[in-house]
Amino acid sequence: MPSTKKASAAAPAAYLRPEAITFLRNLAKHNDRDWFQPRKADFDALLKEPMLAIVRKVTEAMLDFAPDHVRPAEKSLFRIYRDTRFSHDKRPYKTHVAAWWTHTGFDKTSGAGYYFQVSPKGVVIAAGAYMPEKEQLAAIRHWLLENHDEFRKILKKPSVRKTFSDFEGEALTRPPKGFPAEHPGMDLIRCKQWGMSTTLPAGAAQRKDFAKVLVKHFKLLAPMVDALNTPIAASVAPKRKVLFGLH
């Protein structure tokens, strides 16, 4: 006798099909609501749900090497919609899909974290502090005064240099106010961003082990992310109250 139970919907695969890349390529050509809205269900099936599956697999692995970055997949995945309020570019949609794992307790776009994006041009895998707030920026710079050698060793580890591009990020042209100009770590202290990245072919996102590829890359940069978050966490930690002169 046939079962009367409805078959459960198959879980989305944790990788992207070729049709997903084609969708993004077409979205770049037709970046308007009239084209996107009738295809919203296609976007969800081809890109949103598989991306959430990828993010969940990566997040599960992060329990071992980045537990402070574990969060619901829906909070890590970026929306496809662009914020056009303050931009001259009024195209409503991004032409890539991306995710960002921030440190627990930090704002979504601040602190140091892990990032990847997929577009027809390729897969970008990155980690670091790309939008530190003013206080976080100061905390990292003051930390580097005493820890620049340790941080530089992390960046120059052979496995890191082999996999990722050189240290990247915007930087000041002069030393920050109040910092010694001749400090040996000034090249790092002048930075306004600290991070590393690499780009893989777009086809990497179509591999069935794509989540494992991301995890492998993120593990290499975990020491850098942890180092950058150390002074940030200290700067936002609640200050202990002093009672009767005792700590």
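Residue numbers for the sequence shown follow the numbering used here, beginning at 71 and rising by one. Think of the CB as a built atom: it goes at the ideal place given N, C-alpha and C, for glycine as much as any other residue.
On the CB-based measure, 16 or more other CB atoms within 10 Å of its CB, does Trp-171 come out buried or exposed?
If you number the sequence shown from 1, residue 171 lands on position 101. Trp-171 comes out buried.
Thinking just about the alpha-carbon of each residue, which of Gln-187, His-173, Val-193 and Pro-245 is nearest to the one in Arg-141?
The residue you call residue 141 lines up with position 71 of the sequence shown. Considering only alpha carbons, the answer is His-173.
Could you tell me which of Lys-232, Thr-233, Asp-236 and Leu-258 sits nearest to Thr-42, measuring between CA atoms?
Outside the shown range of the chain (71 to 317) lies residue 42, about which nothing can therefore be said.
In whole angstroms, what is the alpha-carbon distance linking Gln-206 and Asn-101?
Counting from 1 along the sequence shown, the entry for residue 206 is found at position 136. Counting from 1 along the sequence shown, the entry for residue 101 is found at position 31. Approximately 36 angstroms between the Cα atoms of the pair.
Could you check where the alpha helix (DSSP H) with Ile-124 kicks off and where it finishes?
Counting from one through the sequence shown, the residue named residue 124 turns up at place 54. Unbroken alpha helix (DSSP H) run through Ile-124: 119 to 135.
By Cβ distance below 6 angstroms, which residues in the same chain neighbour Pro-301 in space, the five residues on each side in sequence not counted?
Sequence index remark: in the sequence shown, residue 301 carries index 231 (1-based). Within the same chain, Pro-301 has close Cβ partners Ala-209, Ile-210 and Trp-213.
With a threshold of 6 angstroms on Cβ separation, who are the neighbours of Leu-225 within its own chain once the five nearest residues in sequence on each side are excluded?
As a position in the sequence shown, residue 225 is number 155, starting the count at 1. The answer, listed in chain order, is Phe-237.
Provide the residue(s) that pair with Leu-242 in DSSP beta bridges, ordered along the chain.
Residue numbering aside, residue 242 sits at position 172 when the sequence shown is read from its first letter. Its beta-bridge partners do not exist; DSSP assigns none.
Give the DSSP bridge partners of Ala-196, in chain order.
Mapped onto the sequence shown, residue 196 falls at position 126. Beta-bridge pairing links Ala-196 to Tyr-185 and Ser-267.
Beta-bridge pairing of Trp-213 - partner residues as DSSP gives them
The residue given as residue 213 occupies position 143 in the sequence shown. BP columns for Trp-213 are empty, so no partner.
Would you call Pro-120 buried or exposed, if buried means 16 or more other Cβ atoms sit within 10 Å of its Cβ?
By 1-based counting over the sequence shown, the position of residue 120 is 50. So Pro-120 counts as buried.
Can you say whether Ala-136 is buried or exposed, counting buried as having 16 or more other CB atoms within 10 angstroms of its CB?
If you number the sequence shown from 1, residue 136 lands on position 66. Label assigned to Ala-136: buried.
Those runs of the alpha helix (DSSP H) which lie wholly inside the segment 248 to 306 and span at least 4 residues
256 to 259 and 280 to 306
Please report the distance separating the alpha-carbon of Pro-88 from that of Gln-276.
As a position in the sequence shown, residue 88 is number 18, starting the count at 1. As a position in the sequence shown, residue 276 is number 206, starting the count at 1. Distance between the alpha carbons of Pro-88 and Gln-276 is about 7 angstroms.
Starting from Val-230, follow the alpha helix (DSSP H) in both directions and report where the run begins and ends.
As a first step, residue 230 is located in the sequence shown; it is residue number 160 there, counting from the start. Segment 228 to 233, the alpha helix (DSSP H) holding Val-230.
Cut-off 7 angstroms between Cβ atoms - residues of its own chain near Ser-73, not counting five sequence neighbours on either side:
Residue numbering aside, residue 73 sits at position 3 when the sequence shown is read from its first letter. The predicted position of Ser-73 is uncertain, since its pLDDT is 46 and thus under 50; a value taken from the coordinates is nonetheless stated next. Answer for Ser-73: no residue qualifies.
Exposed unless 16 or more other CB atoms sit within 10 angstroms - verdict on Lys-110
As a position in the sequence shown, residue 110 is number 40, starting the count at 1. Its Cβ having fewer than 16 others within 10 Å, Lys-110 is exposed.
Assuming Val-125 contacts Leu-147 (C-beta within less than 8 angstroms), just tell me the rounded distance between them.
Within the sequence shown, residue 125 is the residue found at index 55, counting from 1. Within the sequence shown, residue 147 is the residue found at index 77, counting from 1. Yes, they are in contact, since the Cβ atoms of Val-125 and Leu-147 sit about 6 angstroms apart, within 8 angstroms.
Assess contact between the segment 268 to 282 and the segment 191 to 201, defined as three or more Cβ pairs (one per stretch) separated by less than 8 angstroms. Is contact present?
yes
Which same chain residues end up closer than 6 angstroms to Gly-239 when comparing Cβ atoms and leaving out the 5 residues on each side of it in sequence?
Working through the sequence shown from its first residue, we reach residue 239 at position 169. Here the set comprises Cys-261, Gln-263, Trp-264 and Gly-265.
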